Amino acid sequence: MAKVSLGMKSHPLSREENGVEFEIHANDGAKIGELVVSKGGVRWKPKGQHDHFFADWKKFNKIMSDAGLKKK
Numbered sequence: 091m092a093k094v095s096l097g098m099k100s101h102p103l104s105r106e107e108n109g110v111e112f113e114i115h116a117n118d119g120a121k122i123g124e125l126v127v128s129k130g131g132v133r134w135k136p137k138g139q140h141d142h143f144f145a146d147w148k149k150f151n152k153i154m155s156d157a158g159l160k161k162k
């Protein structure tokens with residue numbers, strides 16, 4: 091399981107450019123990509139790629155419901 095830690099204060103989400111940015115690393119410490127969470131949805135940019143993938147919150151819900159692992 092990857093180690094996750096976060097320390098932050100209140101951050102208003104008004105536009106995608108003001109989203110909260112996360113740098114995502116694998117268990118071995120290698121960078122996987124960058125995730126930006128904004129008012130409009132989420133943006134994923136894999137390591138080494140210029141372009142990103144965007145999903146609004148409805149699309150993100152569908153992606154997770156269809157492909158995510160259900161946990162209790």
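For reference, each letter of the sequence shown is one residue, going 91 to 162 in my numbering.
A virtual CB, placed ideally from N, CA and C, is assigned to each residue, including glycine.
In this text, all values refer to a predicted model and were calculated from it rather than measured experimentally.
Counting along the chain, the unbroken alpha helix (DSSP H) around K148 starts and ends at W147 to A157. Residue environment analysis places S100 among the exposed positions, since fewer than 16 neighbouring C-beta atoms fall within 10 angstroms of its C-beta. Annotated as proximal: K137 and G123, with beta-carbon spacing under 7 angstroms. G158 is classed as exposed because its beta carbon has fewer than 16 other beta carbons within 10 Å across all chains shown. Taking K135 as the centre and dropping the five residues before and after it, the same chain places the C-beta of G123, E124 and H142 closer than 6 angstroms to its C-beta, in chain order. Sixteen is the threshold: when 16 or more other Cβ atoms of the shown chains lie within 10 Å of the Cβ of S128, as they do, the residue is buried.
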